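To keep things clear, I will list the structure first and then write my remarks on it.
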Amino acid sequence: MDFTLEEGEIHALVGENGAGKSTLAKIVAGSIHSDAGSMTLFGEPYQPVSRREGAAAGVAHVRQQLSLVRGLTVAQNLQLGRPDAPAVFNAGAARAEVERWSDEFGLGVPAETLIDDMPLAVRQQAEILIAVAWGARLLILDEPSSALGPLETQALIALCHRLRSEGTPIIYISHRLPELTELADRLTVLRAGRVVVEGADVREADLREVATLMIGDVTLLEVNRPEIQRGSTRLTVSDLSVSSPHGVGCHGLDFEVAAGEILGVVGIAGNGQESLAKALTGQVKLATGSVTVDGTDISGSAGQAITAGVAHIHEDRSNGLAASFTVADNATARHIGNRRFTRFGVRLGDKIALHARELIERFHVRPPEPAAMASSLSGGNQQKLMAARELEQNPAVLVAHGPTKGLDPEAAKAMRDRCFAAAQAGGAVVVISADLDEVADLAHRIIVLYRGVVTDAFPCEDMTPERLGAAMAGLSESSGATGD
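So for the sequence shown, the working numbering puts the first residue at 264; every next one is plus one.
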């Protein structure tokens with residue numbers, strides 16, 4: 264593979280899931296070693312043996328699976344592993360530096376908040392801030408906008424343009440082709456580990472042709488919204504409130520989702536979406552109210568939620584998968600203790616691997632190796648693995664938080680079709696997403712969250728940019744979330 268990045272340019276790297284984009288990024292950053300070939304960095308021979316060595320040379324890699332230490336604050340992460348970090352941690356200086364960079368770039372990253380208590384979109388911004396603060400001479404951004412809404416994406420584009428104007432070259436990996444026309448200078452397309460287009464001028468590129476080079480027949484990507492018969496109520500949320508010590512919780516939410524119905528939940532990142540997802544799947548204690556599935560109260564009990572048939576596609580794959588376990592272990596995690604896969608307390612490895620291989624093929628997880636570690640998969644294939652586990656059987660309720668995040672166009676289309684299929688099979692589906700196009704494609708009704716409160720609710724056909732923007736800014740308020 265040949266790849267050239269010019270000084271002061273943004274070079275987009277695109278391709279289907281598993282095409283080799285993240286592998287190339289890891290080689291450049293020093294996380295893994297190439298088997299052959301050579302690299303130069305700013306005219307000098309460059310062959311890092313570790314990510315730390317790459318960082319010392321000025322290469323910063325913001326990965327899909329973010330590397331911030333979750334039990335620490337942003338200020339503490341700023342100093343952790345920093346090539347020129349002082350021997351003694353100065354909390355005040357670190358906090359001031361985070362605040363200075365955050366203000367300068369308009370990111371709004373809190374210096375003293377624990378990473379665990381921050382929305383995924385803010386964690387991504389924090390990692391970019393730290394990379395810049397470390398003095399990155401070359402920045403690699405791997406799917407940086409995948410968890411961002413329109414406003415956050417525009418802020419990211421502005422930041423990238425500023426860094427470019429200061430001479431910092433950026434490798435920008437994304438599946439969101441339309442944003443590349445506004446963002447990048449050149450693009451390279453990978454397919455099956457090979458370059459099929461090298462360094463094309465983005466302004467002259469035909470994005471439909473690029474999509475064809477990535478995945479083949481783009482007509483297969485058109486959204487075909489099926490007719491779905493609405494049934495009786497399956498999910499009921501009553502006076503739901505969730506307290507969050509640092510982030511934004513939820514306050515007094517009331518809504519129902521019927522069999523065959525898809526409810527979209529939108530809002531600027533950090534306005535209660537994560538708290539809602541956890542509440543709907545029994546992963547957090549409620550301050551008030553209840554969540555019931557088919558009349559069964561699952562409030563605050565993940566075990567009861569699973570028994571009731573609740574499936575959950577996590578926004579953050581590091582929470583949705585056990586990265587240090589195999590693909591087979593992750594694919595069959597919902598079957599722990601099932602007699603199909605155990606005998607006298609002993610796991611039946613052959614049967615587990617066979618079942619995992621069936622799911623791998625059904626959901627197109629690549630590479631198709633049950634014994635591979637989940638951490639070795641590309642971000643998009645980790646997303647498909649999580650979907651395989653959760654959607655193996657028709658769920659009573661599907662909570663899909665950013666379901667197409669990090670997926671190539673073909674895989675994103677397949678994921679949307681699976682959400683439709685879950686509804687067609689009689690499930691109640693809740694799609695929480697920063698991607699407004701995704702919600703518009705999928706949802707029958709939409710609710711808008713602002714600071715944990717529903718500010719508007721309406722049928723999808725009534726959505727307009729003006730109404731949505733006002734609700735996301737907290738400027739409107741509905742009486743409920745029925746959308747009737």
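Even glycine gets a Cβ: it sits at the ideal position worked out from N, Cα and C.
From a predicted model like this one, the values you see are computed outputs, not experimental measurements.
Taking only the alpha-carbon atoms, compute the straight-line gap between residue 654 and residue 372 and give it to the nearest angstrom.
By one-based count along the sequence shown, residue 654 stands at place 391. By one-based count along the sequence shown, residue 372 stands at place 109. So the alpha carbons of these two residues sit roughly 35 angstroms apart.
In the DSSP assignment, find the beta strand (DSSP E) that holds residue 285 and state where it starts and stops.
The residue you call residue 285 lines up with position 22 of the sequence shown. Residue 285 -> not in any beta strand (DSSP E); alpha helix (DSSP H) instead, spanning 284-292.
Are residue 506 and residue 515 close, meaning C-beta to C-beta below 9 angstroms?
Here residue 506 refers to the residue found at position 243 of the sequence shown. Here residue 515 refers to the residue found at position 252 of the sequence shown. The answer is no: Cβ separation not under 9 angstroms.
Thinking C-beta only, is residue 540 closer than 9 angstroms to residue 662?
Translated into the one-based positions of the sequence shown, residue 662 becomes position 399. Translated into the one-based positions of the sequence shown, residue 540 becomes position 277. Their beta carbons are under 9 angstroms apart, which means residue 662 touches residue 540 by this criterion.
With the cut-off set at 9 angstroms, would you say residue 525 and residue 711 are in Cβ contact?
Residue numbering aside, residue 525 sits at position 262 when the sequence shown is read from its first letter. Residue numbering aside, residue 711 sits at position 448 when the sequence shown is read from its first letter. Not a contact, by the Cβ cut-off of 9 angstroms.
Assuming residue 446 is part of the alpha helix (DSSP H), what are its boundary residues?
Locating residue 446 in the sequence shown gives position 183, where the first residue counts as 1. Taken as a continuous stretch (DSSP letters only), the alpha helix (DSSP H) holding residue 446 covers 440-446.
Over what stretch of residues does the beta strand (DSSP E) that includes residue 404 continue unbroken?
The residue you call residue 404 lines up with position 141 of the sequence shown. Segment 401-405, the beta strand (DSSP E) holding residue 404.
Could you please give the first and the last residue of the uninterrupted alpha helix (DSSP H) stretch that includes residue 424?
On the sequence shown, position 161 is the one that residue 424 refers to. Note, residue 424: alpha helix (DSSP H), 413-428.
Cα separation between residue 629 and residue 554?
For the purposes of this step, residue 629 is taken as the residue at position 366 of the sequence shown. For the purposes of this step, residue 554 is taken as the residue at position 291 of the sequence shown. Computed Cα separation, rounded: 36 angstroms.
Could you compute how far the alpha carbon of residue 268 sits from the alpha carbon of residue 406?
Counted from its first residue, the sequence shown places residue 268 at position 5. Counted from its first residue, the sequence shown places residue 406 at position 143. Those two C-alpha atoms are separated by around 18 angstroms.
Which residues bound the alpha helix (DSSP H) around residue 728?
Counting from 1 along the sequence shown, the entry for residue 728 is found at position 465. Segment 728-735, the alpha helix (DSSP H) holding residue 728.
Between residue 396 and residue 335, is the Cβ-Cβ spacing less than 9 angstroms?
By one-based count along the sequence shown, residue 396 stands at place 133. By one-based count along the sequence shown, residue 335 stands at place 72. No, they are not a contact pair.
Closer than 8 angstroms by C-beta to residue 332: which residues in its own chain qualify, once you throw out the five before and the five after it? Chain order, please.
Within the sequence shown, numbered from 1, the residue matching residue 332 stands at position 69. 339, 340, 343 and 378.
Can you find at least 3 beta carbon pairs, one from the stretch 488-495 and one from the stretch 287-302, that sit closer than 8 angstroms?
The answer is no - the stretch 287-302 does not touch the stretch 488-495, with fewer than three Cβ pairs under 8 angstroms.
For a quick check, are the C-beta atoms of residue 583 and residue 705 less than 9 angstroms apart?
The residue labelled residue 583 in the question sits at position 320 within the sequence shown. The residue labelled residue 705 in the question sits at position 442 within the sequence shown. Contact flag unset, no.
Only counting the same chain, and skipping five residues up and downstream in sequence, which positions put a Cβ closer than 8 angstroms to that of residue 636?
Translated into the one-based positions of the sequence shown, residue 636 becomes position 373. Excluding residues within five positions, the ones whose Cβ falls inside 8 angstroms are 586, 587, 588, 589 and 590.
Looking at C-alpha atoms only, which residue of 639, 415, 317 and 450 is the closest neighbour of residue 399?
One-based indexing of the sequence shown puts residue 399 at position 136. Answer by Cα proximity: 317.
Looking at the secondary structure, which residues open and close the alpha helix (DSSP H) in which residue 569 lies?
Within the sequence shown, numbered from 1, the residue matching residue 569 stands at position 306. Element bounds for residue 569: 565-570.
Buried or exposed: which applies to residue 748, given that a residue is buried once 16 or more other Cβ atoms fall within 10 Å of its Cβ?
The chain is shown from 264 up to 747; residue 748 falls before or after that span and cannot be answered.
Using C-beta distances below 6 angstroms, list every residue in its chain close to residue 580, excluding the 5 sequence neighbours before and after it, in chain order.
On the sequence shown, position 317 is the one that residue 580 refers to. 645.
Using alpha carbons as the reference points, say which of 361, 497 and 518 lies closest to residue 503.
As a working note, residue 503 is residue 240 in the sequence shown. Ranking 361, 497 and 518 by Cα distance to residue 503 puts 518 first.
Heavy atom of the ligand ZN less than 8 angstroms from the Cβ of residue 539, yes or no?
In terms of ligand content, the structure shown is empty, and the ligand ZN therefore cannot be addressed.
How should residue 593 be labelled, buried or exposed, when 16 other C-beta atoms within 10 angstroms of its C-beta is the threshold for buried?
Here residue 593 refers to the residue found at position 330 of the sequence shown. Buried.
For residue 497, does the three-state DSSP call read helix, strand or coil?
The residue labelled residue 497 in the question sits at position 234 within the sequence shown. Residue 497 falls in the strand class under three-state DSSP.
Between residue 578 and chain B, is any beta-carbon pair separated by less than 9 angstroms?
As a matter of chain content, chain B is missing from the structure shown, which is built from one protein chain.
Which one of 435, 418, 687 and 294 has the shortest CA to CA distance from residue 274?
Indexing the sequence shown from 1 puts residue 274 at position 11. With distances taken between Cα atoms, residue 274 lies closest to 435.
For the stretch 712-719 against the stretch 530-538, do three or more pairs of beta-carbon atoms, one drawn from each stretch, fall closer than 8 angstroms, so that the two count as touching?
These segments touch.
For residue 656, count neighbouring Cβ atoms within 10 angstroms of its own Cβ and tell me buried if that reaches 16, exposed if not.
Position 393 of the sequence shown, counting from 1, holds the residue named residue 656. It is exposed - the Cβ of residue 656 has fewer than 16 other Cβ atoms within 10 Å.
Just verifying my parser: in three-state terms, what is the DSSP assignment at residue 393?
Looking up residue 393 in the sequence shown gives position 130. Correct three-state label for residue 393: helix.
DSSP puts residue 543 in a beta bridge; with which residues?
Within the sequence shown, residue 543 is the residue found at index 280, counting from 1. DSSP, once it has assigned bridges, lists no residue as partnering residue 543.
State the DSSP-derived secondary structure class of residue 274, mapped to helix, strand or coil.
As a first step, residue 274 must be located in the sequence shown, where it is residue number 11. Reduced to three states, the DSSP call for residue 274 is strand.
For residue 425 and residue 418, I'd like the C-alpha separation in whole angstroms.
By 1-based counting over the sequence shown, the position of residue 425 is 162. By 1-based counting over the sequence shown, the position of residue 418 is 155. Distance between the alpha carbons of residue 425 and residue 418: 11 angstroms.
Just reading off the alpha helix (DSSP H) that residue 581 is part of, what are its end residues?
Counting from 1 along the sequence shown, the entry for residue 581 is found at position 318. Where residue 581 is concerned, the enclosing alpha helix (DSSP H) stretches over 580-583.
Using a Cβ-Cβ cut-off of 7 angstroms (strictly less than) and excluding sequence neighbours within five positions of residue 530, which residues of its own chain qualify?
The count along the sequence shown starts at 1 and reaches residue 530 at position 267. Here the set comprises 536, 711, 712, 713 and 735.
Quick one: is residue 558 buried, meaning 16 or more other Cβ sit within 10 Å of its Cβ, or exposed?
Translated into positions along the sequence shown, residue 558 becomes position 295. Looking at its Cβ environment, which holds fewer than 16 other Cβ atoms inside 10 Å, residue 558 is exposed.
Three or more beta-carbon pairs under 8 angstroms between the stretch 685-701 and the stretch 599-617, yes or no?
They do not touch, by the three-pair rule.
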